[in-house]
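Novice:
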Amino acid sequence: MLFYGTELSSRLMLGTAQYPSPEILADSVRAAQAGVVTVSLRRESVGSRAGQAFWSLIRDLGVPVLPNTAGCHTVKEAVTTAHMAREVFETDWIKLEVIGESDTLQPDMFALVEAARILSEDGFNVFPYMTEDLVGAERLLRAGCRVLMPWGAPIGSGKGLNNVFGLRALRAHFPDVPLVVDAGIGLPSHAAQAMELGYDAVLINTAVAQAGDPARMAAAFRLAVEAGLIARTADPMEQRDMAAPSTPVLGQAVLA
Amino acid sequence: MRILVNEEPREIATATLAGLLDELGYGDARVATAVDGAFVPASRRASWTLDEGARIEILAPMQGG
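Quick mapping for you: the protein sequence lines, in order, are chains A and B.
In terms of the working numbering, the first sequence opens at residue -5 and continues consecutively.
In terms of the working numbering, the second sequence opens at residue 2 and continues consecutively.
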């Protein structure tokens, strides 16, 4: 599976925010064997070199970076942030977030499509953070996106896959588009479920960073993503409503 | 000249964006700049003249999800 022409070393994308320390962040990225790490841009007080130290740490990890436009609420903010990120991180990849509602951090699909069109025309490879809306997905693809990233649940909620039906429909409608569940995953089992549904990757941040032992949780997510991916390629059985005996009935003794 | 850097008022001696970064001590730090809400690439900072009251954003790499 190629993400804008790039084969990732793993299907686990990891956010870099909210870790107890830079050392634990680095340990977690290594334990996750993350294929991508997400990063951001923020103001830095004059004299502070925190941003430079963070960038040096990320560069040393040697994992491809996916900058985000987190916190942007308008097309203009998101597009400007994407340009700034492209220069700082030296990549055309952008995780495009345009937030429409602050309690749920739900993407504004209308602004998202417009920002995606502008950025795609300007040579960006856009990873849009979206709802699982089928029509919105179609519009994003028309706007130039070649990857889609529907949410599982609101960012940081840890609720898992809120709308399995919608995510399954998205997968079925766009069998050849790389799909990533971004946001809302709280447990490795949620990540495995996304992969079993046929999703190509998952993006995790809070579930690892806020665990009691982030590096250990990162390892658990690595195994879950791998298990889900293998299970998907092994063609899972169909569900049924009634029991079907697994032990042969033929040859059973009559002991009653 | 009075300007705003990341929303903090500052009195500066220089007239260009590149001069401002030098004056503030950013040196060779990896930062991106915007003036009045528009991105200004690094290659244009030396020739970018600042006006009185300009709003400058200087952003650095940071943790993100």
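We put the CB at the ideal spot given by N, CA and C, even for glycine.
Note that the structure is predicted; figures quoted are calculated from it, not measured.
(1) What is the rounded straight-line gap between the Cα of residue 167 of chain A and the Cα of residue 32 of chain B?
(2) Among the candidates A/207, A/0 and A/122, whose CA atom is the shortest distance from the CA of residue 174 of chain A?
(3) Flag residue 31 of chain B as yes if its beta-carbon sits less than 7 Å from any beta-carbon of chain A, otherwise no.
(4) Does any residue of chain B have a CB that is nearer than 7 Å to the CB of residue 35 of chain A?
(5) Taking Cβ to Cβ, would you say residue 120 of chain A is nearer than 7 Å to residue 88 of chain A?
(6) What's the C-alpha gap between residue 143 of chain A and residue 176 of chain A?
(7) Are the stretch 65 to 83 of chain A and the stretch 33 to 42 of chain B touching by the rule of at least three beta carbon pairs closer than 8 Å?
(8) Do residue 214 of chain A and residue 182 of chain A have their C-beta atoms closer together than 7 Å?
(9) Can you tell me whether residue 56 of chain A is buried or exposed? The criterion is at least 16 other CB atoms within 10 Å of its CB, across all chains shown.
(10) Given a threshold of 16 other Cβ atoms within 10 Å of its Cβ, counted over all protein chains shown, does residue 91 of chain A qualify as buried or as exposed?
(11) Run down chain B in chain order and give the residues with a C-beta less than 7 Å from the C-beta of residue 77 of chain A.
(12) Quick one: list the residues of chain B neighbouring residue 284 of chain A, beta-carbon separation under 9 Å, in chain order.
(13) Residue 13 of chain B: which of B/55, B/63, B/60 and B/62 sits nearest, CA to CA?
(14) Nearest-angstrom Cα distance between residue 13 of chain A and residue 190 of chain A?
(15) Among the residues of its own chain, which have a CB less than 7 Å from the CB of residue 204 of chain A, if the five just before and after it don't count?
(16) Just to confirm, is the Cβ distance from residue 5 of chain A to residue 195 of chain A under 7 Å?
(17) If you draw a straight line from the alpha carbon of residue 116 of chain A to that of residue 178 of chain A, how long is it in whole angstroms?
(18) Check whether the Cβ of residue 125 of chain A lies closer than 7 Å to any Cβ atom in chain C.
(19) So the beta strand (DSSP E) residue 9 of chain A belongs to, where does it begin and stop?
(20) Determine the direct distance from the alpha carbon of residue 184 of chain A to that of residue 154 of chain A, and round the result to whole angstroms.
(21) Tell me whether residue 186 of chain A is buried or exposed, calling it buried when 16 or more other Cβ atoms sit within 10 Å of its Cβ.
(22) Identify every run of the alpha helix (DSSP H) within the stretch 13 to 60 of chain B, keeping only runs that are complete inside it and at least 4 residues long; order them along the chain.
(23) Which bits of chain B does residue 199 of chain A rub up against, with CB to CB less than 8 Å?
(24) Of all Cβ atoms in chain B, is any one closer than 7 Å to the Cβ of residue 82 of chain A?
(25) Whole angstroms is fine: what's the gap from residue 22 of chain A's alpha carbon to residue 83 of chain A's?
(26) From this set, B/66, B/45 and B/10, which residue's C-alpha is nearest residue 25 of chain B's C-alpha?
(27) With 7 Å as the threshold, decide whether the Cβ of residue 16 of chain B is near any Cβ in chain A.
Specialist: This is what the structure holds:
(1) Approximately 41 Å, taken between the alpha carbons.
(2) Distances from the CA of residue 174 of chain A to each of A/207, A/0 and A/122 were compared; the closest alpha carbon is that of A/122.
(3) Chain A contact via Cβ: present.
(4) For residue 35 of chain A, the nearest CB of chain B lies under 7 Å from its own CB, placing it at the interface with that chain.
(5) For residue 120 of chain A and residue 88 of chain A, yes; Cβs fall inside 7 Å.
(6) Residue 143 of chain A and residue 176 of chain A: Cα-Cα distance of roughly 6 Å.
(7) Touching, per the Cβ criterion.
(8) Yes, they are a contact pair.
(9) So residue 56 of chain A ends up on the exposed side.
(10) Buried.
(11) The answer, in chain order, is 40.
(12) Outside the shown range of chain A, which is -5 to 250, sits residue 284 of chain A, and nothing can be said about it.
(13) Among B/55, B/63, B/60 and B/62, the Cα nearest to that of residue 13 of chain B belongs to B/55.
(14) Spanning the two alpha carbons is a distance of roughly 28 Å.
(15) Cβ neighbours of residue 204 of chain A within its own chain (closer than 7 Å, five residues either side excluded): 12.
(16) Going by beta carbons, residue 5 of chain A and residue 195 of chain A fall inside the 7 Å limit.
(17) The alpha-carbon atoms of residue 116 of chain A and residue 178 of chain A are separated by roughly 30 Å.
(18) Considering every chain present, this structure includes no chain C. Its protein chains are A and B.
(19) Looking at the DSSP string, the run of the beta strand (DSSP E) that includes residue 9 of chain A is 6 to 9.
(20) If you draw a straight line from the Cα of residue 154 of chain A to the Cα of residue 184 of chain A, it is about 5 Å long.
(21) Counting Cβ neighbours within 10 Å, residue 186 of chain A comes out buried, since at least 16 surround it.
(22) Fully enclosed alpha helix (DSSP H) runs of 4 or longer: 18 to 24.
(23) Result: 66.
(24) Judged by the 7 Å Cβ criterion, residue 82 of chain A is in contact with chain B.
(25) In this structure, the straight-line span from the alpha carbon of residue 22 of chain A to that of residue 83 of chain A is close to 21 Å.
(26) Comparing Cα-Cα distances from residue 25 of chain B to each of B/66, B/45 and B/10, the minimum goes to B/10.
(27) Any Cβ of chain A closer than 7 Å to the Cβ of residue 16 of chain B would place that residue at the interface, and such an atom is absent.
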